[in-house]
Amino acid sequence: MALTRDFKELVQKQIAADPAYGEALLRESIDTMLAGDVDTGKAILRDYIKATIGFERLGAETGTQPKSLIRMFGPRGNPQARNLFGVLGHLQKRAGLALHVATAPR
């Protein structure tokens, strides 16, 4: 039987070893949402949050209840734009990133 590891643990170790991996994960979550796949983008962002700051600390730093954040990024969550962009802005600042949206030809 193959040994398995907790996905959160694997992502945490990868981000600790290679911060660019964490940046790419955050960027991918945003790109995926902008491409119209909001559910997958939220799932990626949820994994990023769990592997980096955690919902408890994110809640303390943003003034949002952790349970609300967990629901917001859960499979049935439907975050308001204000809340979603507030979290994204906080995560970018915390990661030292400034992501921008640009148009591109199809």
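Heads up, our numbering is the position in the sequence shown plus 8, with the first residue counted as 1.
Quick reminder that beta carbons are idealized off the backbone N, C-alpha and C, glycines included.
- The shortest CA-to-CA distance from L18 to any of K50, E36, T60 and G44 is the one to T60.
- Sequence-distant partners of G49 (beyond 5 residues in either direction) whose C-beta falls short of 6 Å from its own C-beta, in its chain, are S37, T40 and M41.
- Counting only unbroken stretches of 4 or more residues, the alpha helix (DSSP H) elements lying wholly within the region 28-61 are 46-59, in sequence order.
- Sorting F15, F81 and A43 by C-alpha distance to the C-alpha of A112 places A43 at the top.
- Between the region 82-90 and the region 55-70, the count of Cβ pairs shorter than 8 Å is below three; the stretches do not touch.
- Put simply, of E69, A110, K75 and P74 the residue whose alpha carbon is nearest the alpha carbon of L99 is E69.
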